[in-house]
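Some notes on the structure that comes next.
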Amino acid sequence: FHALADRSIGEGDPAWNLFGSNEADFAQRKPCFLELGRLLVRILELDVLCHRLESQRQQLLLKLKDHPESCVQEQRVALESLVFESGIEADLWQTFSGLLTVGQGRGPTQVIKGLGLEDAFEEYTITGLQYQENLLANAPVHVCQSPQSMPLMDWARQVGATARSPRSAEAVLFLFNQAIVEQFSKLPILRKRLFDVFCAEGDLIVTYKLCERRDDVYPLATFFVEHPRHYLDLLERERQGTVALYYVLSEELVCREMNLRQLYDRSPAADEWFLERERAMELLLVRLIDGLIPKVKAELSQFAQQFVQTQAMERLGLICAQGPYEPTRLCLEVYDDDALTWEPEWNVVEALPLKQLHVNGYKTLRRVCAAYRGDSGLTHISFIDESGSFIGSTRWENPAWSSETGRAADLMQQNQLEKLCARCSPSVIVVGASNMASLSLMRSLLKFLRGRVYAAFHVHIPIVWAPVEVARLYSSTTFAELEIPGADSLARTSLALARYVQDPLHAICVLFDKERTALRLSLGATVYVTGEQEDQLYARLCWEMSLWVTACGVWVEDCVTRPTSVASLQFLAGFGPSRARKLHQLLTLRRPNSREECGQLIKEYFGAYVSHNAISSLRFGPPSDASTDNGGSFSRWHLLDQTLIPREWYSAAAFVASAALKGVPSRLVALVEFMRLEASEKRDRIDRHAHQRKMITAIREARRPEWDSLLGEREVEFLQEEMITVGQSFLRRPYRRLSDRELMSFVTGIVYCTQSSAYSDTRSVDTRSLVICEGDYVMGTVQGVRGGVAVPGIRVSTSFGLGAFIAAEDIDDETMRQDVLLYEQSVRENAGMPQPPSNLTPPTWLRRGVPIQGIVFGCNWERCELRLRWCRPRDTISNGNRGNAEQGGKDGVDSDNHYLSYATCVNDAISSANSLRTVRMNIDARVFATKISRHPLFRDTTSATAQTYLHDKRIGEVILRPATGRRNKAIAVVKIGERSTCNWLISEERRPNGAIYYRLKDKLTGREVEFGDVDEFLNNFIAPMVALVRSIRSHRRFVESARDVQDALDAQRQSGLGFTYVFAEVSQQSRPPFYRVFTRGGVTERNFYLHIDESSIYVRVPIRRSGGRGGIDLRWVRCRNAEHVSEVVKGLARPS
């Protein structure tokens, strides 16, 4: 740990030292506090696990303590000498102890006891408990004996004749062998040893169902050591039906571990007794291996989930490490992968501040303008001030320049934006990298800044890209809804994007609301997780946020002035959401000016323990003149209240300052003078006169009681760094620009990887995006010819919605290449003519919409499009032949044709791979042809798999999946009950101006609703609908199941109510109705169907037909909420 912690970030990289020794602040130190905090959190988790395992062991001992049988007490003694190392071992002993105390039921052992053949069985073989005793002692305490005086079959006949119910010799031996398998297969010591062997020496065979590809064989140990995430990817592909997984273990290894020749049967190999027992052992091997496979799968999944959650914490830390925006210069030096193993994603594009670091207490943030364009084509632009408060906004769209009206509208919106820029004075304009339309938005704003803003004010405003994931999630949080309840999703996302760029750490804190929005971050978490795993991940993310907030500190001034600042306070030590709200109210009302005053305030309301832990994380700037004039306590404010140094160490900081400034007799004066110096001068003085080791020695020699907690270098280093930075944090880097790969992923929702990085990047579990690899065969349609550039070529729209480009030089057919060049030249020559000539028509194969295909070999990053090399049409290429396709289809000796897979051997069934491949290709083309497929909640899955995914989720969870057999349509699957989900069919449509929108039709009410983008649909339709569902479930008359309806009605009747009713969930899976109202009035019982949308609850009631025709019509009555529904059904019970 010290070897990594002592090295500065950027050490050894000349790019960090090119600007002279005066700017040594840029060599930021590694955040040791965070690393130590993560270690402590992990130790705490292991401590909880160990206590839980020990508690289970003690419960088992109590369960076995009073059992009368001596064999059970022997196992209790064996258990007392063990220490559970994992949950698997505890589970094995739990099962075994249950068999000891309860019995085998109707198993072979109980049958032997019923026949009175226990003595004969012990003469034939040793029992399972005796064999376990041999395993514990690793010596043959009990072994099988073979009577030499009597043949085996004669002995078996005698035994069968003496049974209470006579049996044949074959039946007796078969029964004895079954009892051996039953007893031995439950021994926890044996199963634990074989489990360890399985994990270390077993193999995983992967067979592919949709292509003629050789089986892959992976040692299970590699998933524990090198590639745990790859195992989760294989599990997901197994759920999708593309692969089959088989867990195998060599029987020779099992026999060697069981040591049967030494610990079980030492008879000669030719003995008939030995041969008969050997047949029992063969059955036992199969039973043991089959029984351990679920345990191995559970262990692999648990380990992989642990690895994924650790990576999720690290990735959250990477996001938190991004500091507030400031102008930067790029540092493009590529770091050594081995040198910075602690942060593998550092090597993107780093940015260094343009100016030298000047720190003097509280540093105000910069004003930010954010532009976010939705899928509808409309852009919302928001402006915020230094405190993050909203100060202005406007809308921006791309009108048609061909009409006078369009040009006038464009001029009007440019004038309005220019006025806002002049009034709000943003330091930066941020464009959200949300979709392909963001590229044109960036170009439009760059043109606007050059032509209007710079020309009018001679001010350069930088314009940068920013990811929109945090902003999208921020806009749907509880904090955002409470702050701007009437705004639409587009406006809230734009405002959130501005705040994210201004202060990323605070924006991420907002995601930790009561809905746990932070779990929707793309941190590499897997899709299929249980509720317990989800809770565990959320707890770990909260720990990570607590470490970052504590390490960076919270300015009390921000708590008073910044919107939603309570989100950061919840991560202070000893606080949480409820206490944070109370603290925020106290800080707003009392306005404490010093750490001492705030500490007393926290102690008064929350206790001394919370105050002692939390007060050092709060930063206090110098009190303003207004606060001191109003009776504020300026005298109680200390110069070090701006830092994170505990009050007990203030005198030690003054001691360090006096040592750094030689010749200053007073420590207090030395501290004041030292804090006035520039950061570079402070560091120089400390390096020359107050080095860490010198200070450690001096502090120990001083023998001050309050300095006893200054134990070593880390504490002294922390004290010195806080004195140098004075209120700033070196843990957070300056603003970092996006790399080309990140920008393309954010804009298109597609990850492109080269062949060299394919293994690490093509992980659907990790990216949750469509992955395109170099060498993939891609189909699409011609969109036009691109000319006027150095390399003319063909614009292609691929089947998964991403643009592509085929350069003329990448077409190996000479005739087609000349067609492209000649047509491009003709278009260029006639570009200035008002009316193009009639003979200017493209060749037939080059017309818009004509199918075309190619092989991926690169990317045009600036346009976020693929580069293709044209090839002739062919069938879809399997993964196994991808390399041959790229190399021209070379034949190899290891061809996969006619390869007999492991699955074929096991199942003895051969499927038509060609037809399945064709079906899969058509499905992929349909699924990824819509924009909705790029949403993070989209899954290429079936209805059954969606049900399985949502089974353990909370009510309100949503996933999007393709609609079977329909193009440009998707289904939103929403969990609205413990056992039920509803499906909403969404249609992706396109307006005449080309903008995409989403249409939803309620078949029951006939209503049609339109949404500009998917997030608007989720926030404005699904979220209100789920709120109505929760209002039903929280109603005082709600019961969980239809089975409880009668009991609930009877209970109401017994309490004296004449008319009784209950709400109940009645649906299973996705079949409506999902909820009903059951009523009872007198002897009449009725039930009413409920239907729920985003604004109302509809109840189906019987209405008598008018006009004297008789009969009853069923109509849907619209209600506001569950209480309104109860009033309606009560009204139906009243006599008319």
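According to the UniProt record's numbering, numbering within the sequence shown proceeds without interruption in unit steps and concludes at 1136.
Virtual Cβ for every residue (Gly too), placed ideally from N, Cα, C.
To the nearest angstrom, report how far apart ALA1023 and GLU257 are at their CA atoms.
-> In this structure, the alpha-carbon of ALA1023 lies about 57 Å from that of GLU257.
Test item: CB-CB of TYR372 and LEU497 under 9 Å = The beta carbons of TYR372 and LEU497 sit closer together than 9 Å.
Could you tell me if HIS380 is buried or exposed, where buried requires 16 or more neighbouring beta carbons within 10 angstroms of its beta carbon?
-> HIS380 should be labelled buried.
Under three-state DSSP, which class holds LEU249?
-> In the structure shown, LEU249 sits in coil (DSSP, three-state: anything other than H, G, I, E or B).
Bounding residues of the alpha helix (DSSP H) (the contiguous stretch that carries GLY128) | Run containing GLY128: 128-137, per the alpha helix (DSSP H) assignment.
Is ALA573 near LEU731, with beta carbons less than 9 Å apart?
-> Taking 9 Å as the Cβ cut-off, ALA573 and LEU731 do not qualify as a contacting pair.
Where do the ends of the alpha helix (DSSP H) carrying PRO1102 lie?
-> Run containing PRO1102: none in the alpha helix (DSSP H); it sits in the beta strand (DSSP E), 1097-1104.
Proximity below 9 Å, CB of TYR246 to CB of ILE289 = Going by C-beta atoms, TYR246 is not nearer than 9 Å to ILE289.
For LEU985, the nearest candidate out of ARG991, ARG979, GLU978 and ILE959 (CA to CA) | Measuring from the Cα of LEU985, the nearest candidate turns out to be ILE959.
Counting only the same chain and skipping the five closest in sequence on each side, list residues whose C-beta sits under 8 Å from that of SER617.
-> Non-local C-beta neighbours of SER617 in its own chain, meaning closer than 8 Å and more than five positions away in sequence, comprise VAL549, THR550, GLY553, VAL554, LEU572, ALA573 and LEU644, ordered along the chain.
Take ALA1122 and list the residues in its own chain whose beta-carbon comes closer than 6 Å to its own, dropping the five residues that flank it on each side.
-> Closer than 6 Å at Cβ, skipping near neighbours: SER1031, ILE1032 and HIS1035.
Can you tell which of ARG619, ARG579, GLY621 and PHE620 has the C-alpha that lies nearest to the C-alpha of LYS603?
-> A check of alpha carbon separations from LYS603 across ARG619, ARG579, GLY621 and PHE620 identifies ARG579 as the nearest.
Report the partner residues of ARG619 according to the DSSP bridge assignment.
-> In DSSP, ARG619 forms a bridge with TRP555.
Take GLN853 as the anchor and find which of ARG52, ALA807, LEU950 and THR1005 has the nearest alpha-carbon.
-> Closest option to GLN853, Cα to Cα, is ALA807.
With TYR362 and GLU557 assumed to form a contact (beta carbons below 8 Å), what rounded beta-carbon distance in angstroms separates them?
-> With a Cβ gap of about 6 Å, TYR362 and GLU557 count as contacting.
LEU39 to THR748 span [Cα, whole Å] = LEU39 and THR748 have their C-alpha atoms some 38 Å from each other.
Just the C-alpha distance for ALA156 and LEU173, rounded to the nearest angstrom, thanks.
-> Those two C-alpha atoms are separated by around 7 Å.
For GLU596, which of ARG590, ILE615 and THR588 has the nearest alpha-carbon?
-> The shortest Cα separation from GLU596 among ARG590, ILE615 and THR588 belongs to ILE615.
Whole-number beta carbon distance between THR941 and ARG961, since they are thought to touch under 8 Å = Yes, ARG961 and THR941 are in contact; Cβ-Cβ is about 5 Å, under 8 Å.
With DSSP as the reference, label CYS542 as helix, strand or coil.
-> Helix at CYS542.
What's the gap between the Cα of ALA659 and the Cα of MET723?
-> About 13 Å.
Got a sec, what are the start and stop residues for the alpha helix (DSSP H) PRO294 sits in?
-> In the DSSP assignment, PRO294 falls within the alpha helix (DSSP H) that extends over 272-320.
Does DSSP put VAL430 in a helix, a strand or coil?
-> Note: VAL430 maps to strand in three-state DSSP.
Can you have a look at ARG828 and say buried or exposed, based on whether 16 or more other CB atoms are within 10 angstroms of its CB?
-> Classified as exposed, ARG828 has fewer than 16 neighbouring CB atoms from the shown chains inside 10 Å of its CB.
Closest Cα partner of ASP470 within the set SER494, GLY663 and ARG667 = What sits at residue 470 in the sequence shown is Val, not Asp. Ranking SER494, GLY663 and ARG667 by Cα distance to VAL470 puts SER494 first.
Which residues in the same chain as GLN720 place their Cβ atom closer than 6 Å to its Cβ, once the five residues preceding and following it in sequence are excluded?
-> Hits under 6 Å: ILE686.
Can you give me the Cβ contacts of SER425 inside the same chain, cut-off strictly under 8 Å, excluding the 5 residues immediately before and after it?
-> Cβ neighbours of SER425 beyond the five flanking positions: ARG367.
Are the CB atoms of ILE938 and ALA970 nearer to each other than 9 Å?
-> Note on identity: in this sequence residue 938 is Phe, with Ile being the wrong assignment. Yes, these two residues count as a Cβ contact at 9 Å.
Is ARG869 helix, strand or coil when you go by DSSP?
-> Note: ARG869 maps to strand in three-state DSSP.
Completely contained alpha helix (DSSP H) runs for the UniProt domain "Spt6 SH2" (932-1064), where each covers 4 or more residues = If we require 4 residues or more, the alpha helix (DSSP H) runs fully inside the UniProt domain "Spt6 SH2" (932-1064) come out as 943-950, 1014-1017, 1023-1033 and 1045-1054.
Cβ-Cβ distance between LEU505 and GLN322 below 9 Å | A contact, by the Cβ cut-off of 9 Å.
From which residue to which residue does the beta strand (DSSP E) around SER797 run?
-> Start and end: 793-798.
CB-CB length for SER146 against LEU284, believed under 8 Å = Beta-carbon to beta-carbon, SER146 and LEU284 are separated by about 19 Å, too far to satisfy the 8 Å threshold.
Under 6 Å Cβ to Cβ from PHE96, same chain only, skipping five residues before and after it: list those, please.
-> Residues of the same chain with a CB within less than 6 Å of the CB of PHE96, apart from the 5 flanking positions on each side, are LYS186 and PRO188 in chain order.
Of the residues LYS447, LEU668, ARG990 and ARG1080, the one placed nearest GLY377, counting alpha carbons only = Nearest to GLY377 by C-alpha distance, out of LYS447, LEU668, ARG990 and ARG1080, is ARG990.
Express the C-alpha separation of SER933 and GLN311 in angstroms, rounding to a whole number.
-> Annotation: GLN311 to SER933 spans about 25 Å, alpha carbon to alpha carbon.
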